[in-house]
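Undergrad: For the sequence shown, this note's numbering gives the first residue as 9, with consecutive numbering after it.
Mind having a look at this structure? Questions to follow.
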Amino acid sequence: MALAKALGGGIMPIGSFTATPEVWAGLIESPFLHTSTFGGNQMACVAGLATLKVIEEEDLLNRGASAGAYLKKGLEEVQKDYPLVIKDVRGRGMMIGIELTKEGAGGMLMSLMIDSNILIAYTLNNPKVIRMEPPLIMPIEVIDQVLIAFRNAIQQTNAVIEEL
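This is how it looks when you write it as structure tokens:
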């Protein structure tokens, strides 16, 4: 499994990988094939270790899974009310994709959410899919505010969906 970005705590670029003992056994014969000229940066490693410590101490994986399930359920409720706009809601934890029915709806939806001070973005490979990637520490009260803003934005998008 590859790990990066968040591992540096938003401060230092770092990447790593981990494997099961069986997979690792196949890599150990030639360990120097898996090194990097930039590997082992001390500041990045300190940031990575501190990040892992916070993730563990604050139970962020379980908190993120629980909050993500709550967010996803709320988005699925909006989907049921606006099937002409939202085709699918999918994801795990706090990484959620919202597939729209029309390609042009994404830009409008993103703009409306930005007006509510909420950032969402297209996925890189499908302009019909919008991603929500809130932080693992987001409280339920803030998720409720996001869901209200999202419902309002979808309602406005629904009003003009035929024109898109």
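No residue lacks a Cβ here, since even glycine has one placed at the ideal position from N, Cα and C.
1) Over what stretch of residues does the beta strand (DSSP E) that includes F24 continue unbroken?
2) Would you kindly check if the distance between the Cβ of I94 and the Cβ of L108 is under 8 Å?
3) Output the residue ranges of the alpha helix (DSSP H) runs that lie fully inside the region 62-89 and measure 4 residues or longer, sorted by chain position.
4) Starting from E107 and walking both ways along the beta strand (DSSP E), at which residues does that stretch end?
5) Can you name, in chain order, every residue of its own chain whose Cβ lies under 7 Å from the Cβ of P21, other than the five neighbours on each side?
6) Taking the alpha-carbon of G76 as reference, which of I145, E170, I156, A161 has the nearest alpha-carbon?
7) Can you tell me the Cα-Cα spacing of G56 and A33, whole angstroms?
8) If we call anything under 8 Å between Cβ atoms a contact, is G105 one with R159?
9) Closest by CA to A73, which one among G82, Y90, R100, A58?
10) Evaluate contact between the region 113-132 and the region 75-91, counting only Cβ atoms and requiring at least three cross-stretch pairs below 8 Å.
11) What are the residues that DSSP puts in a beta bridge with R100?
12) Classify V31: buried if its beta carbon has 16 or more other beta carbons within 10 angstroms, exposed otherwise.
13) How close, in whole Å, do the beta carbons of A3 and I156 come, if the pair is a contact with beta carbons under 8 Å?
14) Less than 8 Å between the beta carbons of E111 and P135, yes or no?
TA: According to the structure data:
1) Sequence check: residue 24 is Ser here, not Phe. Here the beta strand (DSSP E) through S24 covers 23-25.
2) Taking a C-beta distance under 8 Å as the contact criterion, L108 and I94 qualify as a contact pair.
3) Listed in chain order, the complete alpha helix (DSSP H) runs (minimum 4 residues) inside the region 62-89 are 68-89.
4) 103-108 is the span of the beta strand (DSSP E), which, as asked, contains E107.
5) Counting only Cβ-Cβ distances below 7 Å, and skipping sequence neighbours, we find A52.
6) Here the closest residue by C-alpha is I145.
7) Each residue's Cα considered, the two are about 25 Å apart.
8) Contact check for G105 against R159 fails: the beta carbons are separated by 8 Å or more.
9) The candidate whose alpha carbon is nearest that of A73 is R100.
10) The region 75-91 and the region 113-132 do not touch, with fewer than three beta-carbon pairs separated by less than 8 Å.
11) Answer is M103.
12) By the beta-carbon neighbour count (other beta carbons within 10 angstroms, threshold 16), V31 is exposed.
13) What the structure shows of the chain is the stretch from 9 to 172, and residue 3 is not part of that stretch, so it cannot be assessed.
14) Yes, they are a contact pair.
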